[in-house]
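So the structure is just underneath, and the comments pick up after that.
Protein chains: 2
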Amino acid sequence: MKIEWDMINMAREVAIIGIGCTSFGEFWDRSFRDIFVEAGVAAIEDAGVQGEEIDELFVGNMSAGRFIEQEHIASLIADYAGLASLHVPSTRVEAACASGGLAIRMGVLAIASGHADIVVVSGVEKMTDVSTQDATDMLTAAADREWEGATGATFPGLYAMIAKRHIHEYGTTREQLASVAVKNHHNATMNPKAQFHSEITVDAVLRSAMIADPLRMLDCSPITDGSAAVVLAPADLARKYTDTPIAIIASAQASDTIALHDRADITTLAATTAAASVAHKMAKTTPDDIDFVEVHDCFTIGEICAIEDLGFFPKGTGGKVTEEGITAIDGDLPVNPSGGLKGCGHPVGATGIKQAVEIVQQLRGEAGKRQVAGEIGMAHNVGGSGGTAVVHILSR
Amino acid sequence: MKIEWDMINMAREVAIIGIGCTSFGEFWDRSFRDIFVEAGVAAIEDAGVQGEEIDELFVGNMSAGRFIEQEHIASLIADYAGLASLHVPSTRVEAACASGGLAIRMGVLAIASGHADIVVVSGVEKMTDVSTQDATDMLTAAADREWEGATGATFPGLYAMIAKRHIHEYGTTREQLASVAVKNHHNATMNPKAQFHSEITVDAVLRSAMIADPLRMLDCSPITDGSAAVVLAPADLARKYTDTPIAIIASAQASDTIALHDRADITTLAATTAAASVAHKMAKTTPDDIDFVEVHDCFTIGEICAIEDLGFFPKGTGGKVTEEGITAIDGDLPVNPSGGLKGCGHPVGATGIKQAVEIVQQLRGEAGKRQVAGEIGMAHNVGGSGGTAVVHILSR
Chain A
5 MKIEWDMINM AREVAIIGIG CTSFGEFWDR SFRDIFVEAG VAAIEDAGVQ GEEIDELFVG
65 NMSAGRFIEQ EHIASLIADY AGLASLHVPS TRVEAACASG GLAIRMGVLA IASGHADIVV
125 VSGVEKMTDV STQDATDMLT AAADREWEGA TGATFPGLYA MIAKRHIHEY GTTREQLASV
185 AVKNHHNATM NPKAQFHSEI TVDAVLRSAM IADPLRMLDC SPITDGSAAV VLAPADLARK
245 YTDTPIAIIA SAQASDTIAL HDRADITTLA ATTAAASVAH KMAKTTPDDI DFVEVHDCFT
305 IGEICAIEDL GFFPKGTGGK VTEEGITAID GDLPVNPSGG LKGCGHPVGA TGIKQAVEIV
365 QQLRGEAGKR QVAGEIGMAH NVGGSGGTAV VHILSR
Chain B
5 MKIEWDMINM AREVAIIGIG CTSFGEFWDR SFRDIFVEAG VAAIEDAGVQ GEEIDELFVG
65 NMSAGRFIEQ EHIASLIADY AGLASLHVPS TRVEAACASG GLAIRMGVLA IASGHADIVV
125 VSGVEKMTDV STQDATDMLT AAADREWEGA TGATFPGLYA MIAKRHIHEY GTTREQLASV
185 AVKNHHNATM NPKAQFHSEI TVDAVLRSAM IADPLRMLDC SPITDGSAAV VLAPADLARK
245 YTDTPIAIIA SAQASDTIAL HDRADITTLA ATTAAASVAH KMAKTTPDDI DFVEVHDCFT
305 IGEICAIEDL GFFPKGTGGK VTEEGITAID GDLPVNPSGG LKGCGHPVGA TGIKQAVEIV
365 QQLRGEAGKR QVAGEIGMAH NVGGSGGTAV VHILSR
């Protein structure tokens with residue numbers, strides 16, 4: 005990118021004026037259509053906007069084509085949201101598990117460009133209509149199918165390689181990995197939308213079934229149905245709709261090699277580092293300014309890498325600080341107060357939006373038992389094993 | 005949309021400074037990766053931009069997840085374009101067969117927003133790695149899977165219903181439908197990139213195999229591999245790269261119900277009408293100002309509806325004017341001088357970009373034997389049976 009990063013300025017500032025989210029879980033009695041309508045309607049009602057005020061829709065979704073054999077879901081969503089008769093432009097964006105984060109960034113671009121004022125951004129995934137085995141195969145499509153998938157690598161397998169290397173390089177322990185899952189399950193017990201409401205122990209993680217050495221079942225985020233939505237507006241119009249607009253002070257996205265084997269160091273997700281660097285330059289912040297963060301803990305090692313790559317802790321210390329409670333909900337830097345992907349579940353296209361919903365709830369002071377203090381929150385959403393990363397910084 | 009349509013102004017004007025396109029056809033010896041690299045490199049070389057100047061990538065693709073079991077292709081493309089080490093943001097957008105047109109619009113938004121200067125927009129589809137039967141099923145995912153696909157409707161079936169109704173309402177004849185295919189095959193004989201280089205006759209269309217009454221094989225666009233790309237820049241920087249920048253004077257997108265049965269009139273694609281209306285207001289043009297147009301002739305009836313819905317001809321007269329040669333390459337309004345989807349082939353994600361490539365070639369005066377006169381061209385790209393439509397107006 006030739007952009008001078010310290011020169012990045014959004015042509016118009018953007019704020020979140022409404023949020024909505026379904027419960028996350030296994031919904032065998034509800035369809036893809038049911039869940040995106042629930043989240044979208046909740047967000048629109050929360051924002052208090054009328055249908056005819058909506059200028060544009062974006063939806064993040066990884067793989068409806070394979071999970072439910074339905075592409076063209078942007079049209080479907082405009083239709084079922086009752087906006088087809090208004091001919092509202094509706095666009096699906098996809099970068100595997102980062103689809104939700106990307107969708108928010110597209111909404112920001114649409115408003116900043118002057119083409120749109122009120123934009124509804126949603127994320128949705130219905131993953132439980134296929135077998136777990138099929139879902140695992142479908143998720144492998146986020147990796148390099150020809151060089152990783154074809155050799156039998158699955159996502160647990162790829163992240164297991166990252167974990168093995170992190171253990172080798174930095175002495176990260178099995179117990180430290182487990183402490184990520186224990187923390188996030190604890191936080192999820194306080195989140196009514198989460199898939200899991202059960203405390204777990206380090207011992208339970210270590211005794212759970214081996215998936216891909218060293219990762220065990222309780223190191224892995226689950227397969228989940230869910231949808232989340234936010235309503236965006238230009239900052240200068242936001243107070244017309246709400247007394248508590250939450251400003252998007254940075255929206256940054258970066259790419260990296262899709263395959264792990266092409267990277268110099270697999271324990272660092274360079275797309276995360278690059279996106280965070282751009283985000284801080286946009287927001288004029290440093291990691292010290294961030295009060296809490298939602299990171300992409302698709303596997304426990306993912307959170308450890310993320311809190312290092314985002315610059316919160318030196319490389320190699322992510323496991324240690326987690327074990328010490330520094331990232332606990334009452335610690336110095338609460339990480340994944342929502343429960344994260346591990347505790348909330350991970351409907352892949354919805355996750356990036358759910359992260360933003362959580363940060364808005366926290367900054368509004370509406371997070372209930374899991375409320376943390378602070379004025380600035382960050383969301384970090386990853387596609388695949390780091391081929392894409394998106395970082396948003398939100399401020400009240 | 006509450007936008008005052010006559011108030012739409014792009015914050016920054018955008019121009020196309022480079023184009024690239026593979027041949028379209030059945031490429032059993034080349035992969036998805038090969039073809040997007042070919043088109044992208046051609047566009048970048050044509051623009052004369054360096055890798056480090058590229059701020060953002062967008063890619064239109066309908067269904068790589070199903071055709072080649074690969075999602076997350078935005079990361080794959082950044083990687084194989086050699087841009088992963090620069091961490092260039094890369095986003096896939098999808099609205100079935102309108103994915104390419106959408107991708108151009110996202111590029112326009114990214115530049116207009118001030119976030120990006122040089123943006124590469126590509127479209128790609130590799131459709132021949134599966135059987136024709138499987139491809140037909142995969143394409144049905146662009147329709148309403150639960151209400152159309154589940155009842156056995158295919159895309160030829162849906163467009164056949166539109167054709168039946170058009171015949172019933174307006175007296176459109178079987179020969180008039182055929183005349184669209186005859187014209188587009190003729191134009192394709194002059195396009196070296198086209199899948200088909202054979203003239204056909206009305207009689208040949210009428211004798212070809214019945215697919216879905218009244219549509220026969222030669223009424224249908226084929227299944228095709230291909231990729232196309234354009235490089236976008238802010239208008240005020242464009243002349244740094246080229247002496248012949250082509251301005252994007254309108255970029256408009258609209259949605260409609262995904263299913264045909266929810267529309268008041270299936271012979272009018274209301275998304276087309278809405279997108280064209282917005283586009284003309286952005287460009288301050290009327291249909292009379294358009295010198296030639298590339299329209300979405302996925303089936304012959306599609307072109308007839310398009311030239312009516314875009315306001316070029318009164319409703320019901322599209323077949324007649326085609327038969328009379330008014331839309332021929334030497335007629336009053338050349339329609340699909342490239343050969344259209346029927347003659348060029350229809351790699352679904354690439355088609356919207358290929359339309360723009362054609363218009364740029366025409367406006368630069370580089371269209372060879374198929375050169376038409378004019379200074380303003382329009383591209384019209386449709387997703388599904390009209391759930392999405394995108395209209396671009398380009399000017400030299």
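Going down the list, the protein sequences come from chains A and B.
According to the numbering used here, the first sequence is numbered sequentially starting from 5.
According to the numbering used here, the second sequence is numbered sequentially starting from 5.
We put the beta carbon where it would ideally sit given N, CA and C, even for glycine.
Notebook entry, point to check: If the cut is a Cβ gap below 9 Å, which residues of chain A does glutamine 359 of chain B touch?
Noted result: Per Cβ cutoff of 9 Å: no residues; glutamine 359 of chain B is ~18 Å from chain A at best.
Notebook entry, point to check: Of the residues B/Val394, B/Leu398 and B/Arg400, which one's Cα is nearest the Cα of threonine 110 of chain B?
Noted result: First, the residue type needs correcting, since residue 110 of chain B is methionine and not threonine in the sequence shown. For the residues B/Val394, B/Leu398 and B/Arg400, the minimum Cα distance to methionine 110 of chain B belongs to B/Val394.
Item checked: Beta-carbon proximity list for glutamine 359 of chain A, same chain, < 7 Å, skipping 5 on both sides -> Glu298, Ala383 and Asn385
Checklist line | Status (buried if at least 16 other CB within 10 Å, exposed otherwise) for histidine 350 of chain B | finding: buried
Check: Of all the residues that make up the region 82-98 of chain A, which are near chain B by a beta-carbon distance shorter than 9 Å?
Finding: Ala82, Asp83, Tyr84, Leu87, Ala88, Ser89, Leu90, His91, Val92, Pro93, Ser94, Thr95, Arg96, Val97 and Glu98
Note to self: Could you check whether the Cβ of lysine 6 of chain B sits closer than 8 Å to any Cβ belonging to chain A?
What the structure shows: Because the pLDDT of lysine 6 of chain B is 37, which lies under 50, any placement of that residue in the model is unreliable, and the number read from its coordinates should be weighed accordingly. Yes, because at least one Cβ of chain A sits closer than 8 Å to the Cβ of lysine 6 of chain B.
Item checked: cysteine 25 of chain B, enclosing alpha helix (DSSP H) - first and last residue -> Careful: cysteine 25 of chain B lies outside any alpha helix (DSSP H), inside the beta strand (DSSP E) at 18-25.
Item checked: Any chain A beta carbon closer than 8 Å to threonine 392 of chain B -> yes
Notebook entry, point to check: Hey, would you say glycine 175 of chain A sits closer than 8 Å to leucine 106 of chain A, going by beta carbons?
Noted result: no
Notebook entry, point to check: Using the C-alpha atoms, what's the distance from isoleucine 250 of chain B back to glutamate 129 of chain B?
Noted result: 25 Å
Notebook entry, point to check: Opposite valine 234 of chain A in the DSSP bridges: which residues?
Noted result: A/Ile23 and A/Val125
Item checked: Nearest candidate by alpha-carbon position, reference lysine 373 of chain A, set A/His190, A/Ala280 and A/Gly306 -> A/His190
Next item on the list: List the endpoints of the continuous alpha helix (DSSP H) containing lysine 178 of chain B.
Entry: The sequence given here places arginine at residue 178 of chain B; lysine does not occur at that position. Run containing arginine 178 of chain B: 178-192, per the alpha helix (DSSP H) assignment.
Margin query: Only counting the same chain, and skipping five residues up and downstream in sequence, which positions put a Cβ closer than 6 Å to that of glutamate 179 of chain A?
Written below: Val206
Check: How would you write the range of the alpha helix (DSSP H) that arginine 37 of chain B sits in, first residue to last?
Finding: 36-51
Margin query: Can you tell me which residues form a DSSP beta bridge with glutamine 257 of chain B?
Written below: B/Val394
Note to self: Give me the chain A residues within the contact set of alanine 100 of chain B, using Cβ-Cβ distance strictly less than 8 Å, ordered along the chain.
What the structure shows: Glu75, His76 and Ser79
Check: Since histidine 384 of chain A is in the beta strand (DSSP E), which residue starts that stretch and which ends it?
Finding: 380-387
Item checked: glycine 29 of chain A - partner residues in DSSP beta bridges -> A/Asp229
Note to self: Could you check whether the Cβ of glutamine 137 of chain A sits closer than 8 Å to any Cβ belonging to chain B?
What the structure shows: no
Checklist line | Residue-chain proximity (serine 231 of chain A, chain B), Cβ-Cβ < 8 Å | finding: no
Next item on the list: Could you check the C-alpha separation between aspartate 4 of chain A and phenylalanine 316 of chain A for me, to the nearest Å?
Entry: Outside the displayed range of chain A (5 to 400) lies residue 4 of chain A, so it cannot be described from this structure.
Notebook entry, point to check: Where alanine 85 of chain B and glycine 44 of chain B are concerned, what is the direct C-alpha to C-alpha distance, given to the nearest angstrom?
Noted result: 8 Å
Notebook entry, point to check: Helix, strand or coil: how does DSSP classify serine 399 of chain B here?
Noted result: strand
Notebook entry, point to check: DSSP state of arginine 211 of chain A, grouped into three classes?
Noted result: helix
Next item on the list: Determine which residues of the region 111-133 of chain B have a Cβ less than 9 Å from any Cβ of chain A, and write them out in chain order.
Entry: Val112, Leu113, Ala114, Ile115, Ala116, Ser117, Gly118, His119, Ala120, Asp121 and Ile122
Next item on the list: Report buried or exposed for glutamate 42 of chain B, applying the criterion of at least 16 other Cβ atoms within 10 angstroms of its Cβ.
Entry: buried
Next item on the list: Leaving out five residues on either side along the sequence, give the residues of the same chain with a beta carbon under 7 Å from the beta carbon of threonine 271 of chain B.
Entry: Ile166, Arg169, His170, Glu173 and Cys309
Notebook entry, point to check: Who pairs with leucine 219 of chain A in a beta bridge, going by DSSP?
Noted result: A/Ala216
Checklist line | Simplified DSSP state of cysteine 224 of chain B, which is helix, strand or coil | finding: strand
Check: In the DSSP assignment, what are the bridge partners of arginine 96 of chain B?
Finding: A/Glu98 and B/Val63
Checklist line | Beta-carbon proximity list for isoleucine 72 of chain B, same chain, < 7 Å, skipping 5 on both sides | finding: Phe36, Lys130 and Asp133
Note to self: Check this for me: beta carbons of phenylalanine 296 of chain B and proline 238 of chain B, under 8 Å apart or not?
What the structure shows: no
Next item on the list: Give the straight-line distance between the Cα atoms of isoleucine 58 of chain A and glycine 347 of chain B, rounded to the nearest whole angstrom.
Entry: 38 Å
Notebook entry, point to check: Is the region 137-146 of chain B touching the region 76-85 of chain B in the sense that three or more CB pairs, one from each, lie closer than 8 Å?
Noted result: no
Note to self: Looking at chain A, is there any beta carbon in it that lies within less than 8 Å of the beta carbon of leucine 337 of chain B?
What the structure shows: no
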